[in-house]
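A quick write-up on the structure given underneath.
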Amino acid sequence: MSKNTEWVETPATNQRLRIEFILFYVAVPVLIATLFPPSWMFPSLFAFTGLGILLLQDTPGFSWAELRYGWRNWSWTEVVAFALFMAAFCSALVLWARPDAAFALLLYRPEMLIFIWIGYPLLSALPQELLFRSLFFRRYHSILPQERAAYLLNAGLFSLAHLMYWSWVVAIMTFAGGLLFTWAYRKRGSFFYAVLLHAIAGNIIFAAGLGVYFYSGNVQRPF
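As structure tokens, then:
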């Protein structure tokens, strides 16, 4: 099949895509969360990301150039409002749930926080958006449900991908984040708009002190 054409939607092709979809978005995250030791978490995630990038590259009709589309649709009012909301929400949540961790990096390890702020957008937010927005909607569009259900499915799988942390706080936050980033990607038609919102959310989470829930050294499996 030519790289410059779309999928020819046949029952066999869609069945193969369904199997691939389940293996990639369900089986692999569950395997990482249940069988791999925490020390293997990040190597496993890098391998998972690499596989996703190969699948995206192999997707007929996909071009890396399309990732830059839609920047004219950005809303800076939305960006500022989202940043303010996240700052208020994360501050309230950490003071309620983990006051001992509140603003710890900001107060005691600002150099580490700066390192995270630089690295997170490039090493975490961007590859996650490639896998859960671009790959999800470009490669598997023929087997996805209708728009609203696809948003919910995407958010659920995005939350499942964070099962490795075994935290209800992480599960709920990533589900909500998945809905928002999917909306940004689809409604604004911009991959990098979703990356921007994801990066803002992640950086505020770490600044507030909620990064304790996303630290592999704190993972405690329930079994």
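Quick note: the sequence shown, position 67, residue 69 per my numbering, numbers continuous.
Ideal Cβ positions, reconstructed from N, Cα and C, are used throughout, including at glycine.
- Judged by their CB atoms, G211 and A106 are nearer to each other than the 9 Å cut-off.
- Separation of A196 and T79 (C-alpha to C-alpha, rounded to the nearest whole angstrom) is 15 Å.
- Here R18 is exposed: its Cβ has fewer than 16 other Cβ atoms, across all protein chains shown, within 10 Å.
- Taking 9 Å as the cut-off, the Cβ atoms of F160 and G191 do not count as close.
- In this structure, the alpha-carbon of Y217 lies about 19 Å from that of A178.
- Residue environment: Q59 is assigned as exposed (fewer than 16 neighbouring CB atoms within 10 Å of its CB, all protein chains considered).
- Counting only runs of 4 or more residues that sit fully inside the stretch 84-112, the alpha helix (DSSP H) segments are 106-110, in chain order.
- A straight-line Cα-Cα distance of about 12 Å links L128 and Y187.
- A residue is called buried once 16 or more other Cβ atoms fall within 10 Å of its Cβ, and G54 is buried on that count.
- In the DSSP assignment, A127 falls outside any alpha helix (DSSP H) and carries neither an H nor an E.
- About 23 Å separates the beta carbon of Y110 from that of Y167, a gap too long to meet the 8 Å contact definition.
- If you ignore the 5 residues before and after P31, its C-beta comes within less than 7 Å of the C-beta of L162, A163, L165, all in its own chain and listed in chain order.
- The three-state reading of DSSP puts L146 in coil, since its state is none of H, G, I, E or B.
- Inside the stretch 15-97, DSSP marks whole alpha helix (DSSP H) runs of 4 or more residues at positions 30-37, 43-59, from first to last along the chain.
- Between the C-alpha atoms of L97 and W73 there is a straight-line separation of about 36 Å.
- Burial check for G204: the Cβ neighbour count within 10 Å reaches 16 or more, so the residue is buried.
- The straight-line gap separating the alpha-carbon atoms of P45 and I34 is approximately 10 Å.
- Per DSSP, the continuous alpha helix (DSSP H) segment holding L199 begins and ends at 193-210.
- Rounded to the nearest whole angstrom, the CA to CA distance from I120 to N156 is 27 Å.
- In this structure, L198 and V81 form a Cβ contact; the two beta carbons are roughly 7 Å apart against a cut-off of 8 Å.
- According to the DSSP assignment, A173 belongs to the alpha helix (DSSP H) that extends over 170-189.
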